[in-house]
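A.B. asks:
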Amino acid sequence: MVISGSLCGRGAYLLQQSSMLDSYLLAVLLMLPLVGAISRCTISANATYTVRNRCLLTTRLTLLCSLRMWNNYIQDSRTPFQQVVGFSISWNGYINIGLEFGVDALSLWMVLLTCAIFPLSVLCSWNLNTLIIKPFRILLLVLETSLLAAFTCVDLLGFYVLYESALLPMFLLINLGGSRPRKVRAAYLLVLYTLVGSLVRLPCVLIMFLQTGSTSRELLVAQNWTPEVQRVRFWGLFLAFAVKVPRMPVHLWLPEAHVEASTAGSVLLAGVLLKLGTYGFLRFRFPLLPTATIYYGPLVWTRCLIAVVYASLTTLRQVDLKKLVAYSSVAHRNLLVLGLFTRSDIGFAGGTFLRMAHGISSPALFLCVGALYDRAHTKALKYLGGAATTMPIFSIRFFFFSLCNRALPLTPNFVAEFTVLCSIFSRNVTALIVSLIGVIRSAAYTRWAYARVVHGMPKFWAMNVWADLNRRETHCFIPLVALALWWGLKPARILDMLTATGWYWQSTARPLDMPNWVNLAL
């Protein structure tokens with residue numbers, strides 16, 4: 373009896389400690405990669421084995437924290453924001469600068485995706501030059517801190533700072549991991565395009581702050597600005613977020629950055645960094661400017677349809693495998709924005725789900741390209757072919773994620789694109805037909821690229837001695853395959869969670885605020 377009582381007391385103590393940890397879980401999640409980056413600075417640059425393993429351990433611990441947070445959230449998914457932490461600075465009762473962090477269904481899935489992608493980026497950059505291993509790992513952890521903080525921040529000014537803080541680590545990662553002199557040009561293109569968008573957004577943020585004395589999202593949403601004011605501020609927020617989507621014509625930096633970055637840089641860029649733009653749309657621009665969203669909806673739709681067709685045609689003529697995957701991302705991302713601007717629950721859920729599905733398939737395809745480049749040292753399609761004869765495991769992985777990219781049924785991309793197309797059909801049949809043209813071309817260039825790489829006779833002299841995927845490379849694909857199967861076969865739970873949080877996104881604008889041509893177009 374004494375032993376039983378002791379065990380019960382010990383269990384109650386552990387349960388209490390677990391509950392205390394859960395209350396600070398978000399703070400631990402945000403601080404863990406930052407502390408890991410600082411601790412890596414104290415390790416000698418020659419201790420490459422220690423740097424690699426400790427960085428991998430840090431990213432895995434962060435993933436475990438995010439999984440624990442997800443488990444806690446699904447038990448009480450009706451609460452708008454959970455794990456809210458923050459601080460504020462006040463001066464004379466007028467200036468109130470606050471920085472709050474919280475998770476809901478919109479940010480929770482992005483936190484999970486971010487924490488799942490970073491261990492893969494550590495693994496795929498395992499054999500980098502020993503001279504850059506330490507700074508590369510430190511930059512990875514700093515970038516993870518910035519992205520996690522941005523995805524959980526619910527303050528407009530704080531999101532602006534964190535949104536821009538992710539730019540410097542990515543700039544350095546492209547310069548460190550790239551293998552050609554053009555990597556400097558690609559890194560500066562990323563900086564210039566993003567900074568131009570930021571310079572347009574900064575005046576809007578400052579004006580909102582001066583008018584309200586705060587940049588809290590809840591306070592700004594409650595302001596209910598006039599339609600004229602919203603139309604002016606629409607472009608400040610829209611252009612800044614459009615660069616990171618990316619939308620045509622501010623997409624030219626993306627193919628260059630993907631081609632010149634290392635495999636880890638491309639995985640992070642496609643899997644996480646590009647999600648900041650659409651997240652900014654959903655978290656801030658739609659709730660703050662609902663009337664302007666409806667007013668400029670037809671214009672955004674037109675540009676998205678043009679971008680889907682243009683990006684699909686451009687992808688068909690690519691001769692570089694990595695640039696082909698990069699341009700396919702542009703087409704899918706514009707289809708995503710098209711679904712979001714339908715202003716419906718199904719469009720919101722489908723667009724958000726497509727963002728998550730793209731975060732699985734696109735990094736996996738870049739991992740495939742990286743595996744080929746490590747062996748052939750080229751990404752040109754004319755030098756590739758016949759991989760099935762010497763790399764059967766790689767060919768199966770490439771085949772599976774090619775099916776995901778072309779939205780085959782039972783894949784997450786199919787669920788997402790079908791949902792988005794249904795939302796488009798509810799608004800405009802002509803837009804649906806144009807969107808289907810882009811979807812069909814997506815299947816065409818994906819099948820063409822797969823056939824050029826896998827089928828046929830080996831076209832490169834080194835193909836005869838190419839080795840298949842090793843254990844480390846195989847482990848990179850396992851979580852992506854598992855997520856793709858889970859989200860493709862069981863999407864209902866995710867869609868239900870996303871739809872349940874659509875209440876803070878839906879527009880409350882009155883029909884009388886809209887001109888007649890907008891009502892006729894939609």
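Per this note's numbering, residue 373 is the first one in the sequence shown, and the count goes up by one each step. The beta-carbon is built from N, C-alpha and C at its ideal position, and this holds for glycine as well.
Taking C-beta to C-beta, are C740 and F770 nearer than 8 Å?
C.D. replies: yes
A.B. asks: I'd like to know if the segment 611-626 and the segment 651-669 are in contact, where contact means that at least 3 CB-CB pairs between them fall below 8 Å.
C.D. replies: By the criterion of at least three beta-carbon pairs nearer than 8 Å, the segment 611-626 is in contact with the segment 651-669.
A.B. asks: Smallest Cα separation from R657: which of T420, M403, L471 and V709?
C.D. replies: Closest option to R657, Cα to Cα, is V709.
A.B. asks: Within its chain, find whatever has a CB closer than 8 Å to the CB of S390; leave out the 5 residues flanking it on each side and keep chain order.
C.D. replies: Unreliable placement is indicated for S390, whose pLDDT of 46 sits below 50; the coordinate value is still reported in the next sentence. When the five nearest sequence neighbours on each side are left out, no beta carbon in the same chain lies closer than 8 Å to the beta carbon of S390.
A.B. asks: I think F772 touches V853, with their Cβ atoms under 8 Å apart; what is that distance to the nearest whole Å?
C.D. replies: F772 to V853, Cβ: 7 Å. Contact.
A.B. asks: What are the complete alpha helix (DSSP H) segments, minimum 4 residues, inside the segment 740-798?
C.D. replies: As far as the segment 740-798 is concerned, its whole alpha helix (DSSP H) runs of at least 4 residues are 759-762, 764-777 and 784-797.
A.B. asks: Do the CB positions of V475 and T431 come within less than 8 Å of each other?
C.D. replies: No. Outside cutoff.
A.B. asks: Out of curiosity, what's the CA-to-CA distance linking V801 and S814?
C.D. replies: Distance between the alpha carbons of V801 and S814 is about 20 Å.
A.B. asks: Would DSSP call L471 helix, strand or coil?
C.D. replies: strand
A.B. asks: Indicate the three-state DSSP secondary structure (helix, strand or coil) for C525 in the structure shown.
C.D. replies: DSSP places C525 in the strand class (E or B) of the three-state scheme.
A.B. asks: Are there 16 or more other CB atoms within 10 angstroms of the CB of E600, so buried, or fewer, so exposed?
C.D. replies: exposed
A.B. asks: Determine the burial state of D527: buried for a count of at least 16 other Cβ atoms within 10 Å of its Cβ, exposed for fewer.
C.D. replies: buried
A.B. asks: Can you tell me which of the three DSSP states D868 falls into?
C.D. replies: Note: D868 maps to helix in three-state DSSP.
A.B. asks: Between G530, L712 and Q690, which lies nearest to C676 when the distance is taken from Cα to Cα?
C.D. replies: L712
A.B. asks: Express the C-alpha separation of L515 and L693 in angstroms, rounding to a whole number.
C.D. replies: 27 Å
A.B. asks: Name, in chain order, the residues that DSSP records as bridge partners for D692.
C.D. replies: A752
A.B. asks: Which residue comes first and which comes last in the alpha helix (DSSP H) that contains P851?
C.D. replies: R843 to L861
A.B. asks: Quick one: Cα of W522 to Cα of V644, how far?
C.D. replies: The sequence as given places Ala at residue 522; Trp does not occur at that position. Cα to Cα, the separation comes out at about 11 Å.
A.B. asks: So the alpha helix (DSSP H) H630 belongs to, where does it begin and stop?
C.D. replies: Note, H630: alpha helix (DSSP H), W625 to E632.
A.B. asks: Between the C-alpha atoms of R605 and K647, what's the straight-line distance to the nearest angstrom?
C.D. replies: 22 Å
A.B. asks: Check each candidate in V572, A594 and W673 and name the one with the smallest Cα separation from M620.
C.D. replies: Comparing Cα positions, the closest option is W673.
A.B. asks: Looking at the secondary structure, which residues open and close the alpha helix (DSSP H) in which L564 lies?
C.D. replies: K555 to T584
A.B. asks: Helix, strand or coil for S588? Go by DSSP, reduced to three states.
C.D. replies: strand
A.B. asks: My output table needs one value for I504: the three-state DSSP class, helix, strand or coil.
C.D. replies: coil
A.B. asks: Any idea what DSSP makes of G828, helix, strand or coil?
C.D. replies: coil
A.B. asks: Hey, R412 and L520: beta-carbon distance below 8 Å or not?
C.D. replies: no
A.B. asks: Would you decide whether N777 is buried or exposed? Buried here means 16 or more other CB atoms lie within 10 Å of its CB.
C.D. replies: buried
A.B. asks: Roughly how many whole angstroms lie between the Cα atoms of R554 and I678?
C.D. replies: The alpha-carbon separation between R554 and I678 amounts to approximately 29 Å.
A.B. asks: Quick test of the definition: if touching needs 3 or more C-beta pairs under 8 Å, does the segment 684-698 touch the segment 579-591?
C.D. replies: no
A.B. asks: Can you give me the Cβ contacts of M441 inside the same chain, cut-off strictly under 6 Å, excluding the 5 residues immediately before and after it?
C.D. replies: L397
A.B. asks: Do S795 and I718 count as a contact pair if the criterion is CB distance below 8 Å?
C.D. replies: yes
A.B. asks: Taking 6 Å as the limit between beta carbons, can you name the residues of its chain near S734, skipping five residues before and five after?
C.D. replies: A642 and S701
A.B. asks: Going by C-alpha to C-alpha distance, which of G757, Y822, F473 and H749 sits closest to L534?
C.D. replies: F473
A.B. asks: Tell whether a beta-carbon distance below 8 Å holds between L478 and R655.
C.D. replies: Yes, they are a contact pair.
A.B. asks: Tell me whether Y421 is buried or exposed, calling it buried when 16 or more other Cβ atoms sit within 10 Å of its Cβ.
C.D. replies: exposed
A.B. asks: Whose CA, out of R552, P575 and V568, lies closest to the CA of V622?
C.D. replies: Residue V568 is the option with its Cα nearest to V622.
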